[in-house]
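Chemist:
Residue numbers (my numbering): 2 to 480.
This is the structure in C-alpha cells:
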C-alpha cells in the first residue's frame with residue numbers, strides 16, 4: 002500500500018483542473034488560510050498540504066477525485082476536523098491535498114411520514130439536530146462536538162456519542178448514502194427504504210472506512226419521534242460497580258419513560274470541570290463517582306420526572322446511590338449537561354492529557370477501570386486517571402492527566418506506553434481499542450493485533466478495488 006511520502010505534489014496541470022472544477026477561490030494555497038485545516042484542536046496532529054479544496058456539490062467531489070486519481074494526487078478528506086486520531090490531518094510532507102466538505106452543507110429533505118432526513122455530508126451535526134427538532138423529531142447522533150463536527154465525518158468514523166443507549170451508533174441510523182470514488186463515479190442510493198434486500202449493501206463499506214475508499218457526499222438518516230418530557234439527574238455512587246448495577250435497576254423500573262443517556266464520571270473529572278470551566282458540583286456532598294441519568298417520555302408533562310423520582314427513591318432505599326440532584330428547570334438541565342460535556346476541555350488546563358477511547362462489555366466496566374488505573378500508575382506513578390464516558394453502552398474515554406510534579410513533555414512521551422497498557426486491558430476483557438473515534442493514524446499499528454491476516458487481506462482487497470492507486474487518505478486505518 003502506498004504511503005503519503007510516495008506521492009508527488011499536484012502538478013500545475015492538476016491544480017488548473019482543480020480550479021476549473023470548483024473555481025479558483027475554492028482552491029486554497031495560502032499557508033495562513035490553510036492553517037485551520039492542518040491541525041486538530043489538541044495540536045497532537047499538525048500537517049502540511051499542497052492545497053485545500055472546497056467543493057460545493059457532489060458532482061464536484063467526484064470530478065476532483067477523478068482528477069486526483071488521473072494525476073495520482075493523495076487526498077485527505079475532512080469534515081469538521083474534530084477527530085482525535087489524526088485521520089483527517091495530512092502528514093508533514095506537504096504533498097497531500099485536503100478536501101473539506103464544509104460547503105456541502107444543505108439539508109435536502111425531511112420526510113415527516115417516513116421519519117427520515119436527507120442531507121449533504123458537510124451539514125454540521127447541531128444544524129441537523131435543530132432541523133429535526135423543528136420538525137418534531139430527534140436526530141439520533143449527539144456528540145460534545147455537535148457544534149462543529151459534520152454528519153459525513155460522523156458516518157466515516159461510525160460515531161457513537163451520548164445517545165447510543167437509546168438509538169445506537171451512526172451505522173444503525175443510516176438508511177442510505179452516496180459516495181464519490183476515485184474513478185469519478187458517484188455510487189450508492191439516497192434510499193429511505195427500511196427493507197431492501199437487493200445484494201451487497203455498499204453503504205456499510207463506507208461507514209467507518211475513514212475516507213480510505215472514497216468520500217461520503219450525502220446520506221439518508223433515520224429520525225425518531227421527539228420526546229415531550231425529560232428528566233435529568235446527577236447521582237452519586239460509591240464505585241463503578243454501583244453505576245453498572247444502576248443501569249439494570251433503572252431499565253427494569255421504567256413505567257412512562259425511556260432511558261436516553263447514562264454517563265459515568267469520576268470525582269476528579271468533576272473537580273477539573275468545576276475548577277476550569279465555571280461549573281459547580283451538582284451534589285451537596287462530593288461523591289467518589291457520578292452518574293448522569295436522562296429519562297425521556299412522550300406522555301404528559303412530568304412523566305419522566307415521575308419515573309426519575311420513583312426510581313431514585315428506590316435506589317436510595319436499597320443503598321445503591323448516596324446522593325442525587327435533579328434538574329428543576331431548563332437552565333439547570335443545560336448546566337448539568339455542560340458539566341459532562343466539559344470533561345475533555347477541562348483536562349487541557351491540567352497539563353498533558355493522554356487519551357484512550359475504548360469499549361468493553363458493560364458488566365466489565367468496573368474491572369476495566371480498576372485494572373486500567375493500576376497499570377497506568379505502574380508506568381507513571383502519580384498520574385491522575387480521569388475515566389469517564391457512556392457507561393450505558395460500555396464506552397469509556399480512559400484519559401490520564403499528568404502528575405503534578407512532571408513536565409508535560411515528559412508525560413506525553415509516555416503516550417504509547419500508557420495507551421498500550423489500557424488497550425491491552427480492554428482487549429483482555431473482550432473489548433475494543435476504538436469505540437467511536439476510529440483508527441486514523443494513531444491506532445493503525447494495532448490493526449494487525451486485533452484482526453486476522455485473512456480479515457486484513459479482505460480489507461486491502463476492498464481498498465484495492467475502489468482505490469487502485471491508493472490516493473484516498475494514505476497512511477490511515479490500514480497497516
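Ideal Cβ positions, reconstructed from N, Cα and C, are used throughout, including at glycine.
These numbers were taken from a predicted model, which means no experiment stands behind them.
1. For residue 291, write down the residues that DSSP places opposite it in a beta bridge.
2. Within the 9 Å Cβ cut-off, does residue 276 reach chain C?
3. Tell me the DSSP bridge mates of residue 225?
4. Per DSSP, which residues does residue 251 bridge with? Please list them.
5. Are the beta-carbon atoms of residue 157 and residue 95 separated by less than 9 Å?
6. Ordered along the chain, which non-local residues of its own chain (more than five positions away) have a Cβ less than 6 Å from that of residue 262?
7. Just list the beta strand (DSSP E) runs in the region 287-348, keeping only unbroken ones of 3 residues or longer that don't cross its boundaries, in chain order.
8. Roughly how many whole angstroms lie between the Cα atoms of residue 232 and residue 341?
9. With DSSP as the reference, identify every bridge partner of residue 389, one or two as the case may be.
10. Taking only runs that begin and end inside the region 24-79, name each unbroken beta strand (DSSP E) of 3 or more residues, in chain order.
11. Thinking C-beta only, is residue 268 closer than 9 Å to residue 304?
12. Could you tell me which of 211, 322 and 187 sits nearest to residue 445, measuring between CA atoms?
13. Kindly list the residues whose CB is nearer than 6 Å to the CB of residue 306, restricted to its own chain and excluding five residues on each side of it in sequence; keep chain order.
14. Out of 454, 477, 324 and 140, which has the shortest C-alpha to C-alpha gap to residue 235?
15. How about residue 3 and residue 214: do their beta carbons lie closer than 9 Å?
16. Looking only at DSSP bridge pairs, what is residue 121 linked to?
17. Would you tell me roughly how many angstroms separate the C-alpha atoms of residue 248 and residue 172, rounded to the nearest one?
18. Let me know the secondary structure DSSP gives residue 129 once reduced to three states.
19. Could you tell me the distance, in whole angstroms, from the CA atom of residue 480 to the CA atom of residue 454?
20. Find out if the Cβ-Cβ distance for the pair residue 433, residue 359 is shorter than 9 Å.
21. With a threshold of 16 other CB atoms inside 10 Å of the CB of residue 385, please say whether the residue is buried or exposed.
22. Which residue marks the beginning of the beta strand (DSSP E) containing residue 178, and which one marks its end?
23. Taking the CB atoms as reference points, tell me whether residue 336 and residue 276 lie closer together than 9 Å.
24. What is the DSSP secondary structure of residue 1, counted as helix, strand or coil?
25. Taking the beta carbon of residue 12 as the centre, do at least 16 other beta carbons fall within 10 Å, making it buried, or is it exposed?
Modeler: On the basis of the supplied data:
1. Start at 1 with the first residue of the chain shown, and residue 291 comes out as number 290. DSSP lists 237 and 266 as partners of residue 291.
2. Considering every chain present, this structure includes no chain C. It has just one protein chain.
3. Position 224 of the chain shown, counted from the start, is the residue given in the question as residue 225. DSSP lists 139 as partners of residue 225.
4. The residue labelled residue 251 in the question sits at position 250 within the chain shown. None, per the DSSP bridge assignment.
5. By 1-based counting over the chain shown, the position of residue 157 is 156. By 1-based counting over the chain shown, the position of residue 95 is 94. Against a cut-off of 9 Å, the Cβ pair of residue 95 and residue 157 comes out as no contact.
6. The residue you call residue 262 lines up with position 261 of the chain shown. Excluding sequence neighbours, residue 262 sits near 163 and 295.
7. 290-298 and 324-327
8. For this step, residue 232 is matched to residue 231 along the chain shown. For this step, residue 341 is matched to residue 340 along the chain shown. Between residue 232 and residue 341, the C-alpha separation is close to 16 Å.
9. The count along the chain shown starts at 1 and reaches residue 389 at position 388. Answer is 266 and 398.
10. 52-54 and 76-79
11. As a first step, residue 304 must be located in the chain shown, where it is residue number 303. As a first step, residue 268 must be located in the chain shown, where it is residue number 267. In this structure, residue 268 does not lie closer than 9 Å to residue 304 by Cβ.
12. Stepping through the chain shown from its first residue, residue 445 is reached at position 444. It is 211.
13. Numbered from 1 along the chain shown, position 305 holds the residue referred to as residue 306. Correct list, in chain order: 232.
14. One-based indexing of the chain shown puts residue 235 at position 234. Per the Cα distances, 324.
15. Position 2 of the chain shown holds residue 3. Position 213 of the chain shown holds residue 214. Cβ distance not < 9 Å, so residue 3 and residue 214 don't count as in contact.
16. Here residue 121 corresponds to residue number 120 of the chain shown, with the count starting at 1. In DSSP, residue 121 forms a bridge with 219.
17. To locate residue 248, count along the chain shown from 1; it is residue 247. To locate residue 172, count along the chain shown from 1; it is residue 171. The alpha-carbon atoms of residue 248 and residue 172 are separated by roughly 24 Å.
18. Counting from 1 along the chain shown, the entry for residue 129 is found at position 128. Three-state result, residue 129: helix.
19. What you label residue 480 is simply residue 479 of the chain shown in a count that begins at 1. What you label residue 454 is simply residue 453 of the chain shown in a count that begins at 1. Going by the C-alpha atoms only, they are around 11 Å apart.
20. Within the chain shown, the letter at position 432 stands for residue 433. Within the chain shown, the letter at position 358 stands for residue 359. It is a contact, given that the beta carbons lie within the stated cut-off.
21. If you number the chain shown from 1, residue 385 lands on position 384. Label assigned to residue 385: buried.
22. Here residue 178 corresponds to residue number 177 of the chain shown, with the count starting at 1. Per DSSP, residue 178 belongs to the beta strand (DSSP E) from 175-181.
23. Residue mapping note: residue 336 aligns to position 335 of the chain shown, counting from 1. Residue mapping note: residue 276 aligns to position 275 of the chain shown, counting from 1. Contact: no.
24. Since the first and last residues shown for the chain are 2 and 480, residue 1 lies out of range.
25. The residue given as residue 12 occupies position 11 in the chain shown. It is exposed - the Cβ of residue 12 has fewer than 16 other Cβ atoms within 10 Å.
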